[in-house]
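As you go down the protein sequences, you meet chains F and D in turn.
Taking the UniProt record's numbering, I'd label the letters of the first sequence as residues 1 to 173.
Taking the UniProt record's numbering, I'd label the letters of the second sequence as residues 1 to 173.
Ideal Cβ placement from N, Cα and C applies to all residues, glycine included.
Please read these numbers as outputs of a predicted model, since none were measured by experiment.
2 protein chains.
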Amino acid sequence: MVRSKGQDRKEEILEAGLEVFAERGYYNTTTALIAEKAGISQPYVFRFFTTKEELFIAVLNRAFDRILQAFKNVESSPEQLDNDMTKAYEELSVQYPNEIALQVIGIGITEETIRTATKEGLSRIRAYVLEEFKAAGIPDAEKNATTFIAMGMMCNISYFLDLPELFAFNKNK
Amino acid sequence: MVRSKGQDRKEEILEAGLEVFAERGYYNTTTALIAEKAGISQPYVFRFFTTKEELFIAVLNRAFDRILQAFKNVESSPEQLDNDMTKAYEELSVQYPNEIALQVIGIGITEETIRTATKEGLSRIRAYVLEEFKAAGIPDAEKNATTFIAMGMMCNISYFLDLPELFAFNKNK
DNA sequence: CAAAAGTAATTGATTAATCAATATCTATCT
DNA sequence: AGATAGATATTGATTAATCAATTACTTTTG
């Protein structure tokens with residue numbers, strides 16, 4: 001088996017960071033905890049990321065990338081698009097729970113660089129959804145995209161807080 | 001002018017806390033900053049609240065109370081209810097920007113006691129909205145309440161992040 | 001003067017980030 | 001193959017700052 005070096009190690013730190021940040025939030029996550037999960041020493045984290053903040057942003061961007069990719073993987077007919085995308089959103093918390101958690105966590109962080117990254121990530125997702133809705137000829141695409149994103153975020157928050165009543169669509173299931 | 005004592009001082013700390021927490025988030029707010037804004041010394045805060053966490057929860061609960069009260073103040077006919085409530089929600093970020101900010105901030109905090117308070121606050125709001133919708137005979141009250149809350153939260157997040165495009169209903173205004 | 005209101009000074013814990021050192025490879029030369 | 005050297009990977013020890021919370025003291029007021 002190929003042993004990990006350089007870039008691989010960086011990947012490991014990013015994955016470990018995703019898990020720990022998702023569970024404990026930004027401020028309650030220490031670089032030591034991430035290092036431990038990655039199986040390396042705490043100072044070594046700083047060989048790959050100059051600050052904890054920079055590491056978090058890298059992790060957050062990956063999370064947004066993955067979520068967006070999940071949407072892009074939805075193959076659907078124009079008539080079914082809204083339905084299929086909604087389904088994809090609801091499945092996210094199963095397939096990418098940590099990425100969803102990170103997205104929610106990012107919203108509440110006041111550090112300016114992190115806030116900027118969060119805004120960009122959310123913008124990207126909204127832009128993609130809107131574009132798809134328009135391409136599918138969905139009427140009132142703007143309004144529908146807004147509703148779609150609103151439902152998605154509420155679904156995420158409901159999952160993250162473990163407050164199922166907030167998102168009460170699985171009622172009839 | 002009547003000088004503040006006891007309970008008044010506590011109120012001052014709660015108000016100062018609201019402002020500072022809303023601007024800086026939970027973790028970046030120090031008890032010293034709150035004390036400064038309240039015009040007292042840092043240790044004196046602990047005469048009124050045994051921990052910073054307890055103080056935050058008190059501030060958060062007040063914020064939820066005020067938001068709920070704003071809804072309760074909406075006088076409306078059954079036919080107009082959804083419309084009027086939506087309007088009330090949109091006005092919240094003007095009347096109660098700090099309370100809204102706090103609500104958003106609360107979502108991302110992992111401390112268990114704070115998370116519990118956040119969940120309870122959101123539950124209270126949802127329960128009230130649902131009850132009102134039902135009382136007004138709005139069909140599909142559950143579903144409508146969910147949509148209503150989702151839109152409201154998105155509106156809040158959009159305001160808190162200063163990302164207006166997210167909530168694109170004021171487009172035609 | 002005694003209680004209430006308040007503060008200055010300090011502590012103890014935490015933790016991001018730095019630094020200096022060591023271990024582990026990889027390649028080259030003999 | 002075995003010695004040698006340079007680079008790359010990795011760590012232990014430490015630091016410097018921050019901050020919630022405590023303690024012991026002072027001021028105000030009725």
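Answer yes or no: do residue i and residue j have a C-beta to C-beta separation smaller than 7 Å?
i, j, result
"F/P78", "F/A141", "no"
"F/I107", "F/T118", "yes"
"D/L18", "D/N98", "yes"
"residue 248 of chain F", "F/Y26", "One cannot answer for residue 248 of chain F here, as it falls past the ends of chain F, which runs 1 to 173."
"D/N28", "F/T110", "yes"
"F/I125", "F/L68", "yes"
"F/A35", "F/V45", "yes"
Using only alpha-carbon positions, find the residue among the options that is nearest to residue i.
i, options, result
"F/L81", "F/G39, F/E132, F/A22 and F/P43", "F/E132"
"D/V104", "F/Y89, F/G121 and F/M153", "F/M153"
"D/E11", "D/T30, D/R47, D/E23 and D/R24", "D/R47"
"D/N83", "D/P164, D/N144 and D/L163", "D/N144"
"D/D162", "D/T86, D/E23 and D/R9", "D/E23"
"D/M85", "D/T147, D/Q42, D/A38 and D/E120", "D/T147"
"D/K37", "D/G121, D/A16 and D/Q7", "D/A16"
"D/I57", "D/A88, D/E120 and D/P43", "D/E120"
"F/C155", "F/Y89, F/G6 and F/Q42", "F/Y89"
Taking only the alpha-carbon atoms, compute the straight-line gap between residue i and residue j and give it to the nearest angstrom.
i, j, result
"F/I40", "F/L33", "10 Å"
"D/V59", "D/I157", "19 Å"
"F/A63", "F/E75", "21 Å"
"F/R115", "F/L55", "14 Å"
"F/T31", "D/L102", "27 Å"
"D/T113", "D/T50", "14 Å"
"F/K171", "D/A127", "Any answer about F/K171 is weak, because its pLDDT of 42 lies below 50 and its placement is not dependable; what the coordinates show is given next. Going by the C-alpha atoms only, they are around 16 Å apart."
"D/R3", "D/K52", "With a pLDDT of 43 at D/R3, under the threshold of 50, the modelled position of that residue is not reliable, and no figure is offered here."
"D/E91", "D/A70", "10 Å"
"F/L166", "D/L130", "11 Å"
"F/Y96", "F/D65", "11 Å"
"F/M151", "D/M151", "8 Å"
"D/D8", "D/P164", "38 Å"
"F/K72", "D/I138", "37 Å"
"F/G6", "F/Q42", "16 Å"
"D/K134", "F/L122", "33 Å"
"F/K87", "D/K87", "30 Å"
query: Listed from N- to C-terminal order along the chain, which residues in the segment 101-114 of chain D have their beta-carbon within a distance smaller than 9 Å of any beta-carbon of chain F?
result: V104, I105, G106, I107, G108, I109, T110 and E111
Against chain F: residues of the segment 11-39 of chain D by CB proximity under 7 Å: R24, G25, Y27 and N28
Chain-ordered residues of the segment 132-147 of chain F with a beta carbon less than 7 Å from chain D: E142 and T146
query: Going along the chain, which residues of the segment 53-72 of chain D sit with their C-beta nearer than 7 Å to a C-beta in chain F?
result: none
message: Which residues of the segment 75-89 of chain D have a Cβ closer than 9 Å to any Cβ of chain F? Give them in chain order.
response: none
message: Short of 8 Å Cβ to Cβ, which residues in the segment 117-131 of chain D face chain F?
response: T118, K119, L122, S123 and R126
- prompt: Along the segment 156-168 of chain F, what residues have a CB closer than 7 Å to any CB found in chain D?
  reply: I157, L161, L163, E165, L166, F167 and A168
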